[in-house]
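Peer 1:
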Amino acid sequence: MDVNGVGWIAAIIIGGFAGFLAEQFMKSNMGVFMNIILGIIGAIVLNAILAFAGMGFTGWLAYLVIGFIGACLLIAVGRAVRR
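With positions in the sequence shown counted from 1, the corresponding number in the working numbering is that position plus 1087.
#1: Measuring straight from C-alpha to C-alpha, what distance separates M1088 and V1164?
#2: Give the straight-line distance between the Cα atoms of A1167 and A1140, rounded to the nearest whole angstrom.
#3: My output table needs one value for G1118: the three-state DSSP class, helix, strand or coil.
#4: Distance, Cα to Cα, A1109 vs R1170?
#5: Over what stretch of residues does the alpha helix (DSSP H) that includes R1169 continue unbroken?
Here it is as structure tokens:
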């Protein structure tokens, strides 16, 4: 089984890196586990939205970029809900 052209193990590693980059970019203090969760969930949610809009991307670089953007959006939504 693969996720967007990458395997499950690669999706976890790339998602964790995307979450880490989003954490640094958004200046939020979260742990490694939360970075992985935000990166993977961000990538899955944004991929689903893009697929619904008719755009599909594959490969590890696309997964990284989409995971980064998705994680940033999740951090922003989390901050808005907390206030």
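C-beta: ideal position from N, C-alpha, C; glycine also. What you are looking at is a predicted structure, and each value in this text was computed from that prediction instead of being measured.
Peer 2: Quick look at the numbers:
#1: Model confidence at M1088 stands at a pLDDT of 42, short of 50, so the residue's coordinates are unreliable and nothing is read from them.
#2: 25 Å
#3: coil
#4: 20 Å
#5: W1147 to R1169
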